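Colleague: Residue 9 is where the sequence shown starts when you use the working numbering, and the numbers rise one by one after that.
What follows is a structure written as structure tokens; I'll ask about it next.
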Amino acid sequence: MSRFFSKKYRDLVPYDTSGEHEAGNYIRLNTNESPFSPSPKVLERESKAAGTQNFYPDPDARELTAKVAELWGVRPEEVLLTCGSDEALSFIFMAFCDGGAAFPSITYSFYEVLAGLNNVPFETIPLSPDLSLPVERADWPSGRTLFLANPNSPTGLALPRAEVERIIQGSRDNIVVIDEAYVDFGAETCVPLIRKYDNLLVVQTFSKSRSLAGARLGLCLGQAELIRDLRTLKNSIAPYNLSGSALAAGLGALEDEKYTRDNCRTIMENRAFTAVGLRTLGFTVTNSLGNFLLARHPRFSGGELSQKLKASGILVRCYSTPEALAPYVRITIGTRKQMEALLEALKKIEEDERQ
Ligand code: PMP
């Protein structure tokens, strides 16, 4: 650390991206990306947009915002587009967390980083032994902005909309943020609840189901007043937060919703296929509704498994913290061929161990 670094940030623990971008010809099942290329419509739109990059992009992203509003069934003033959903989460931590934050003890680890960055005190909600959210909400922290990934990561477990609605009703004096990064793989969205509740924000991303992790495109939906507050921050930090190519990519993806739906269906089929294969090999697997599975084997730690799989050319995610995740690996669902390669490698690892 240089002697010039602000005192404010000296204790900051940034998000750990180590191991995410291993060089080499690996099957990448470690970062919940889509195995499918973006739709050809994305490429068409992007190449057209490339010719106008001497101009700044529209800071209000009006064309894409209108398209999102139409497809999601909300008004344009209820939508803010962001540079990945991480940026939406960042604005929310800045805007709405004066009373502190709360999130599950096992969830997307970036919430804790953002709490640290913004000096937001936080409490965690301990998960039940089966990694689900405890239904007894009387014990949950109160008076805080609640962040719930639904489906949760890395467990993949999801709450039905009616259950989320009860949580929102029980927290009317605080914002509830539902992070729906993985909602398109079989969970229920809470977007229809936006009209009813002025304390609800729903965050989504183009990174997973729409194969655009590289374009960095996220969205936040909520009542117009909340979105105006977030826009005030956006225009104070990064008025041109979305590049012309990101906006073009988003429009292209939304022109091809059939492609997205077909890919999501394939991922869900491959998820079911992989879960059966893993259970046959002795793994315990959560009932994930994300594009990933969280799995543990009685004879290997998560770290051991990920090392052995890496030696076989496959990257998966393992965890050193929190401790409860040490036995697990999180496996992104890829193509059928990739999942067959994964199961084959695991079978071999298991057989080698027996000898
Ligand atoms: N929320 C959750 C639960 C995630 O797992 C991720 C990243 N994988 C994000 C948000 C952020 O995704 P992005 O910034 O690519 O939209």
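Every residue, glycine too, gets a C-beta built ideally from N, C-alpha and C.
All of these numbers come straight from a predicted model, not from anything done at the bench.
1) Less than 8 Å between the beta carbons of Ala254 and Arg218, yes or no?
2) Taking 7 Å as the cut-off, does the CB of Thr197 come closer than this to any heavy atom belonging to ligand 1?
3) Under a Cβ-count criterion, where at least 16 other Cβ atoms within 10 Å of its own Cβ denotes burial, should Met9 be classed as buried or exposed?
4) Alpha carbon to alpha carbon, how far is Arg325 from Arg239?
5) What do you reckon, is the C-beta of Thr213 under 7 Å from a heavy atom of ligand 1?
6) Between which two residues does the beta strand (DSSP E) containing Gln212 stretch?
7) Considering only heavy atoms of ligand 1, does any lie closer than 7 Å to the CB of Ala221?
8) From Gly78 to Tyr64, what distance separates their C-alpha atoms?
9) Roughly how many angstroms separate the alpha carbons of Ser47 and Val284, rounded to a whole number?
10) State the beta-bridge partners of Phe155 as determined by DSSP.
11) Is any heavy atom in ligand 1 found nearer than 7 Å to the beta carbon of Ser253?
12) Could you have a look at Ile322 and say whether DSSP puts it in helix, strand or coil?
13) For a test of the three-state rule: what should DSSP assign to Thr73, helix, strand or coil?
14) Go ahead and label Tyr116 buried or exposed: buried means 16 or more other beta carbons lie within 10 angstroms of its beta carbon, across all protein chains shown.
15) Report yes or no: is there a C-beta of chain D within less than 8 Å of the C-beta of Gly164?
16) Looking only at its own chain, which residues have a Cβ that is under 8 Å from the Cβ of Gly107, when we skip the five neighbours before and after it?
17) Let me check understanding here. Comparing Cα to Cα, which of Ala96, Tyr17, Tyr23 and Thr39 lies closest to Asn243?
18) DSSP three-state label for Thr340, please.
19) Is the beta carbon of Met347 closer than 8 Å to that of Phe281?
20) Can you tell me where the beta strand (DSSP E) holding Pro84 begins and where it ends?
21) Just mark Asp94 as buried or exposed, buried being the case when its beta carbon has 16 or more other beta carbons within 10 Å.
22) Check Thr132 in the structure and name its three-state DSSP category.
23) According to DSSP, simplified to helix, strand and coil, what is Ile114?
24) In the DSSP output, what is Val293 paired with across the bridge?
25) Write down every uninterrupted run of the beta strand (DSSP E) in the segment 207–278 whose length is 3 residues or greater and which is fully enclosed by it, in chain order.
26) Could you check whether Leu201 and Gln212 sit closer than 8 Å to each other, using their CB atoms as the reference points?
27) Taking buried to mean at least 16 other C-beta atoms within 10 Å of its own C-beta, is Lys15 buried or exposed?
28) Please identify the residue among Pro112, Glu277, Leu351 and Ile357 whose C-alpha is closest to the C-alpha of Pro149.
29) Measuring alpha carbon to alpha carbon, tell me which of Ala232, Gly164, Leu350 and Ile245 ends up nearest Leu301.
30) For Ala58, which option in Ser314, Ser251 and Ile339 has the closest C-alpha, if you only look at C-alpha atoms?
31) Comparing the CB of Tyr23 with every heavy atom of ligand 1, is any distance shorter than 7 Å?
32) Closest to Gly124 by C-alpha separation, out of Leu20, Leu262 and Asn249, would be which residue?
33) Using the rule of at least 16 other Cβ atoms within 10 Å of the residue's Cβ for burial, across every protein chain shown, is Thr268 buried or exposed?
Modeller: The answer reads as follows:
1) For the purposes of this step, residue 254 is identified with residue 246 of the sequence shown, where counting begins at 1. For the purposes of this step, residue 218 is identified with residue 210 of the sequence shown, where counting begins at 1. No, Cβ-Cβ distance for Ala254 and Arg218 is not below 8 Å.
2) In the sequence shown, counting from the first residue as 1, residue 197 sits at position 189. No, Cβ of Thr197 sits at least 7 Å from all heavy atoms of ligand 1.
3) Locating residue 9 in the sequence shown gives position 1, where the first residue counts as 1. When all chains shown are included, Met9 counts as exposed.
4) Walking along the sequence shown from the start, residue 325 turns up at place 317. Walking along the sequence shown from the start, residue 239 turns up at place 231. When the Cα atoms are used, Arg325 and Arg239 turn out to be separated by approximately 34 Å.
5) As a working note, residue 213 is residue 205 in the sequence shown. Yes, Cβ of Thr213 sits closer than 7 Å to a heavy atom of ligand 1.
6) Mapped onto the sequence shown, residue 212 falls at position 204. Note, Gln212: beta strand (DSSP E), Leu208 to Thr213.
7) For the purposes of this step, residue 221 is taken as residue 213 along the sequence shown, with counting starting at 1. Yes, Cβ of Ala221 sits closer than 7 Å to a heavy atom of ligand 1.
8) The residue you call residue 78 lines up with position 70 of the sequence shown. The residue you call residue 64 lines up with position 56 of the sequence shown. Just to set this straight, residue 78 is Glu in the shown sequence, not Gly. Near 25 Å, if we compare the C-alpha coordinates of Tyr64 and Glu78.
9) Taking the sequence shown and counting its residues from 1, the one referred to as residue 47 is at position 39. Taking the sequence shown and counting its residues from 1, the one referred to as residue 284 is at position 276. Approximately 30 Å, taken between the alpha carbons.
10) As a first step, residue 155 must be located in the sequence shown, where it is residue number 147. DSSP lists Val185 as partners of Phe155.
11) Position 245 of the sequence shown, counted from the first residue, corresponds to residue 253. A distance criterion of 7 Å places the beta-carbon of Ser253 beyond contact range of ligand 1, judged by its closest non-hydrogen atom.
12) The count along the sequence shown starts at 1 and reaches residue 322 at position 314. Three-state DSSP puts Ile322 in a strand.
13) Stepping through the sequence shown from its first residue, residue 73 is reached at position 65. If DSSP states are grouped into helix, strand and coil, Thr73 belongs with the helices.
14) Numbered from its first residue, the sequence shown carries residue 116 at position 108. Looking at its Cβ environment, which holds 16 or more other Cβ atoms inside 10 Å, Tyr116 is buried.
15) Any reference to chain D falls outside this structure, which holds one protein chain only.
16) The residue you call residue 107 lines up with position 99 of the sequence shown. The answer, listed in chain order, is Gly151, Arg152, Thr153 and Asn182.
17) Within the sequence shown, numbered from 1, the residue matching residue 243 stands at position 235. The shortest Cα separation from Asn243 among Ala96, Tyr17, Tyr23 and Thr39 belongs to Ala96.
18) Here residue 340 is taken as the residue at index 332 of the sequence shown, counted from 1. The answer is strand: DSSP assigns Thr340 an E or B state.
19) On the sequence shown, position 273 is the one that residue 281 refers to. On the sequence shown, position 339 is the one that residue 347 refers to. For the pair Phe281 and Met347, the CB atoms are nearer than the 8 Å cut-off.
20) Residue numbering aside, residue 84 sits at position 76 when the sequence shown is read from its first letter. Pro84 -> no beta strand (DSSP E), and no H or E assigned at all.
21) The residue you call residue 94 lines up with position 86 of the sequence shown. Using a 10 angstroms sphere on the CB of Asp94, the tally of other CB atoms reaches 16 or more, which defines it as buried.
22) Taking the first residue of the sequence shown as position 1, residue 132 is located at position 124. Judged by DSSP in its simplified three-state form, Thr132 adopts strand.
23) Counting from 1 along the sequence shown, the entry for residue 114 is found at position 106. Note: Ile114 maps to coil in three-state DSSP.
24) Residue numbering aside, residue 293 sits at position 285 when the sequence shown is read from its first letter. Partner(s): Ala303.
25) Entirely contained in the segment 207–278, the beta strand (DSSP E) runs reaching 3 residues are, in chain order, 208–213 and 226–230.
26) Position 204 of the sequence shown, counting from 1, holds the residue named residue 212. Position 193 of the sequence shown, counting from 1, holds the residue named residue 201. When the beta-carbon positions are compared, Gln212 and Leu201 stay at least 8 Å from each other.
27) In the sequence shown, residue 15 corresponds to position 7, counting from 1. The Cβ neighbour count for Lys15, taken over all protein chains shown within 10 Å, is under 16; the residue is labelled exposed.
28) One-based indexing of the sequence shown puts residue 149 at position 141. Of Pro112, Glu277, Leu351 and Ile357, the residue nearest in Cα terms is Pro112.
29) Here the question's residue 301 lines up with position 293 in the sequence shown. The residue with the shortest Cα to Cα distance from Leu301 is Gly164.
30) As a working mapping, residue 58 is identified with position 50 in the sequence shown. Distances from the CA of Ala58 to each of Ser314, Ser251 and Ile339 were compared; the closest alpha carbon is that of Ser251.
31) As a working note, residue 23 is residue 15 in the sequence shown. Distances from the CB of Tyr23 to the heavy atoms of ligand 1 are all 7 Å or more.
32) What you label residue 124 is simply residue 116 of the sequence shown in a count that begins at 1. Minimum Cα distance to Gly124 is reached at Leu20.
33) The sequence position of residue 268 within the sequence shown is 260, counting from 1. Buried: at least 16 other Cβ atoms inside 10 Å.
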